[in-house]
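One structure below.
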Amino acid sequence: MLDLIDIGANLTHDSFDADRDQVLVRAAAAGVSRIIVTGTSVTSSIQAAALCAARPGALFATAGVHPHHAADFDSHSTHALRAQLGSPAFVAVGECGLDFFRDYSPRAAQRRAFDAQLELAAEVRKPVFLHQRDAHDEFVVALKPARTQLVGGVAHCFTGGPRELDAYLELDLYIGVTGWVCDERRGSELRAAVPLIPLERLLLETDAPYLLPRDLTPKPRSRRNEPQFLPHVLERVARLMNQPIDLVAQATTANAERLFDLARNRAT
Ligand SMILES: [Zn+2]
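In terms of our numbering, the sequence shown opens at residue 248 and continues consecutively.
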């Protein structure tokens, strides 16, 4: 039986409102025993904590403001996040970072929100859950000077190639791989990078309800991704790394426990 940790699932998303409990039951049955619920705004981080409170040891959360929402980020956001991060349910700050693909918030605002959350993560001694899209160079510029103050971090939903991977490993980050790796059209760069990820730096995530693996059969009619599909990502990654599935599973679980300090809160 697998004992996997989905390090990124947006379980507060309204597409789960009707059947969230069944989603968690299906995840557990598939061997996904622990899930880190992604916070993307002050409000969704509070909602994530409420989910965790009902399932201690099985659900954890991040508290942060996604770059899409950076335009709304101000000193009140920092205060609210700091207050939340005092709760042990929160195992990371984020997701935070830069997204120049969508540019939903002005880039200067994204940079300010990112810098503020890096500072907060250093202050509360929790790792950062990092989002980056089409902003690699500026992202590294922002992160590098802050890195020595941080206890750790993960480049969540890594989709880059070997060059970006190198830069992140140099910053001593963990690398979060999603079902993007199963996408024959878009995933070729990532598939070139996956075999180069050191096993002790690899994490697995679904990013549910997004990024349903394209090669999943049969596909759910809803096209909604769920944590129960994490073993599918695991299998693809293990094949690319030319490693046994069990070995990759154990490594990623140990990595998540280490980065997010979950050992104290083991699922029973
Ligand atoms: Zn993200």
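Cβ coordinates follow ideal geometry from the N, Cα and C atoms, glycine included.
Original post:
Are Ala339 and Phe476 touching if we call contact CB-CB under 8 Å?
Top reply: Here residue 339 refers to the residue found at position 92 of the sequence shown. Here residue 476 refers to the residue found at position 229 of the sequence shown. Contact check for Ala339 against Phe476 fails: the beta carbons are separated by 8 Å or more.
Original post:
Taking contact to mean at least 3 C-beta pairs separated by less than 8 Å, is the region 443-460 in contact with the region 492-503?
Top reply: A contact exists between the region 443-460 and the region 492-503.
**OP:** State the DSSP-derived secondary structure class of Tyr421, mapped to helix, strand or coil.
**Re:** One-based indexing of the sequence shown puts residue 421 at position 174. Judged by DSSP in its simplified three-state form, Tyr421 adopts strand.
**OP:** Kindly give me the distance between the Cβ atoms of Ser291 and Arg471, rounded to whole angstroms, as I take these residues to be in contact under 8 Å.
**Re:** Along the sequence shown, read from residue 1 onward, the residue named residue 291 stands at position 44. Along the sequence shown, read from residue 1 onward, the residue named residue 471 stands at position 224. Incorrect: roughly 17 Å between the Cβ atoms, too far for contact.
Original post:
Taking 7 Å as the cut-off, does the CB of Cys299 come closer than this to any heavy atom belonging to ligand 1?
Top reply: Locating residue 299 in the sequence shown gives position 52, where the first residue counts as 1. Proximity of the beta carbon of Cys299 to ligand 1 is not indicated: no heavy atom of the ligand is located closer than 7 Å.
Original post:
What are the boundary residues of the alpha helix (DSSP H) that includes Thr290?
Top reply: Within the sequence shown, residue 290 is the residue found at index 43, counting from 1. Unbroken alpha helix (DSSP H) run through Thr290: Val289 to Ala301.
Original post:
Can you tell me whether DSSP reads Ile492 as helix, strand or coil?
Top reply: In the sequence shown, counting from the first residue as 1, residue 492 sits at position 245. Three-state DSSP puts Ile492 in a helix.
**OP:** Could you tell me the distance, in whole angstroms, from the CA atom of Arg410 to the CA atom of Cys429?
**Re:** Position 163 of the sequence shown, counting from 1, holds the residue named residue 410. Position 182 of the sequence shown, counting from 1, holds the residue named residue 429. Between the C-alpha atoms of Arg410 and Cys429 there is a straight-line separation of about 20 Å.
Original post:
Going by alpha carbons, who is nearest to Val484 out of His313, Ala439 and Ser334?
Top reply: Reading the sequence shown from its first residue, position 237 is the one you call residue 484. The residue with the shortest Cα to Cα distance from Val484 is Ala439.
Subject >> First through last residue of the beta strand (DSSP E) which encompasses Phe361 >> reply: As a position in the sequence shown, residue 361 is number 114, starting the count at 1. Annotation: Phe361 is outside any beta strand (DSSP E); the continuous alpha helix (DSSP H) that includes it extends over Arg354 to Val371.
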